[in-house]
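S.K.: Sequential numbering from 1250 applies to the sequence shown in the working numbering.
Let me begin by handing over the structure; questions about it come next.
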Amino acid sequence: YVHFHSDESLRGKGFIASFKTLPNGCGGYYKSPAGIIHSPNYPQNYDHDADCTWLIEVAVNHVVVLNFVDFDVEPFTNCTFDYVAVYDGPSLNDTEIARFCGSTLPNPPYIRSTSNQMFIRLKADGSVSARGFVANYTTGCGASITVNQEDIGELTSPNFPHYYSNWFNCTWTLTAANPDDRIYLMFTHMDLHSFVPQSSAITAADTNCTTSFVRVQDGDDSDAPVVGNYCLTRVPSPITSQGSSLYVRLQTTPLMLLGAGFRATYSVLSQGCTARFI
Ligand SMILES: [Ca+2]
């Protein structure tokens, strides 16, 4: 993405830039909700001295889930010669989640970021190369979110407002930055549907929100009191936490009907505001 902007006064010569694609797949910026990355030249060997970086960015308040499906990088103790490193954020300066080499699939094969960006680097030295790697990535849902007083954010199911078609089980913890404040959660969309078995041959729509639902709990973990389970197209009333946190869980099953999922906005109420209602 290149943006050129000028104001109303003073002119300059402008700029010239050239570009080229990198057909062998040495890195890139990936912004789609899901995709595949692979090492340069794959399935042929990567080049000596390869230094390739990939930045994956998914929707805000979601996480990147990376899954290696093939892996073959020159092995050596501590991966000193060639390696694939995964960082929890947008650059090399972020926490290194893992570093891999060798010819066995990374274990566990799934690597999750804690925010919506993940950075991956393939670094090779000047001798001995190998086939490299292939990895899928998808958008994972769930996050721990600290909410400041001016913040208004949104939670959505993955791919919202498009139909979901996956098995999700994800949680968001919303915590007010100021422990005296309350979390205010307001649902704007609810569209979750699924079947439940009635007998061996009959299924019925799940009207009790037992298989696909959004659950809100009044606290910061799954032990907190349940405020409600929500599904179908019933948009719940706004929810205010008793303490400074709400815990939100989305569960869907592969046996569901089409649904767009849910959307909610969150913000904080200052303690002075809620105190009047107690
Ligand atoms: Ca090497």
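Even glycine gets a Cβ: it sits at the ideal position worked out from N, Cα and C.
None of the values given here were measured: they were computed from a predicted structure.
Suppose you measure from the CA of HIS1252 to the CA of PHE1264; what does that come to, to the nearest Å?
M.R.: On the sequence shown, position 3 is the one that residue 1252 refers to. On the sequence shown, position 15 is the one that residue 1264 refers to. Computed Cα separation, rounded: 12 Å.
S.K.: I believe PHE1320 touches PRO1355 by the beta-carbon criterion, under 8 Å. Please report the beta-carbon distance rounded to the nearest angstrom.
M.R.: Taking the first residue of the sequence shown as 1, we reach residue 1320 at position 71. Taking the first residue of the sequence shown as 1, we reach residue 1355 at position 106. Sure, about 6 Å apart at Cβ, within 8 Å.
S.K.: Given LEU1518, which residues of its chain have a CB within under 7 Å of its CB, disregarding the five upstream and five downstream residues?
M.R.: As a first step, residue 1518 must be located in the sequence shown, where it is residue number 269. Excluding residues up to 5 positions away in sequence, ASP1430, ARG1431, TYR1433 and THR1489 lie with their Cβ nearer than 7 Å to the Cβ of LEU1518 in the same chain.
S.K.: ALA1509 to SER1378, Cα distance in whole Å?
M.R.: Counting from one through the sequence shown, the residue named residue 1509 turns up at place 260. Counting from one through the sequence shown, the residue named residue 1378 turns up at place 129. The straight-line gap from Cα to Cα measures roughly 46 Å.
S.K.: For the segment 1335-1343 against the segment 1419-1427, are there 3 or more C-beta pairs whose distance is under 8 Å?
M.R.: no
S.K.: Regarding GLY1351 and ligand 1, is the C-beta to nearest heavy atom distance less than 8 Å?
M.R.: Within the sequence shown, the letter at position 102 stands for residue 1351. Not under cutoff, so the answer is no.
S.K.: Less than 9 Å between CB atoms is the rule here; does ARG1464 satisfy it with respect to chain D?
M.R.: The displayed structure is made up of one protein chain only, and chain D is not part of it.
S.K.: Using only Cβ atoms and a threshold of 5 Å, which residues come within that distance of a heavy atom of ligand 1? Order them by chain position.
M.R.: GLU1323, PHE1330, ASP1331, ALA1373, ASP1374 and VAL1377
S.K.: Mark GLN1447 as exposed unless 16 or more other C-beta atoms lie within 10 angstroms of its C-beta, in which case mark it buried.
M.R.: As a position in the sequence shown, residue 1447 is number 198, starting the count at 1. So GLN1447 counts as exposed.
S.K.: When you compare only the Cα positions, how much space is there between VAL1314 and GLY1277?
M.R.: As a working note, residue 1314 is residue 65 in the sequence shown. As a working note, residue 1277 is residue 28 in the sequence shown. Distance between the alpha carbons of VAL1314 and GLY1277: 17 Å.
S.K.: If I measure Cβ to Cβ from TYR1336 and keep anything under 6 Å in the same chain, skipping five residues before and after, which residues do I get?
M.R.: Your numbering for residue 1336 matches position 87 in the sequence shown. So the qualifying residues of the chain are ASP1343, GLU1345 and PHE1368.
S.K.: Please report the residue range of the beta strand (DSSP E) in which SER1500 lies.
M.R.: Locating residue 1500 in the sequence shown gives position 251, counting from the first residue. First, the amino acid is wrong: residue 1500 is Gln here, not Ser. Segment 1494-1500, the beta strand (DSSP E) holding GLN1500.
S.K.: Is the CB-CB distance between VAL1475 and ARG1483 below 9 Å?
M.R.: Numbered from its first residue, the sequence shown carries residue 1475 at position 226. Numbered from its first residue, the sequence shown carries residue 1483 at position 234. No, Cβ-Cβ distance for VAL1475 and ARG1483 is not below 9 Å.
S.K.: Please return the same chain residues whose Cβ sits closer than 7 Å to the Cβ of GLY1351, not counting the five positions on each side in sequence.
M.R.: Residue mapping note: residue 1351 aligns to position 102 of the sequence shown, counting from 1. VAL1322 and PRO1324.
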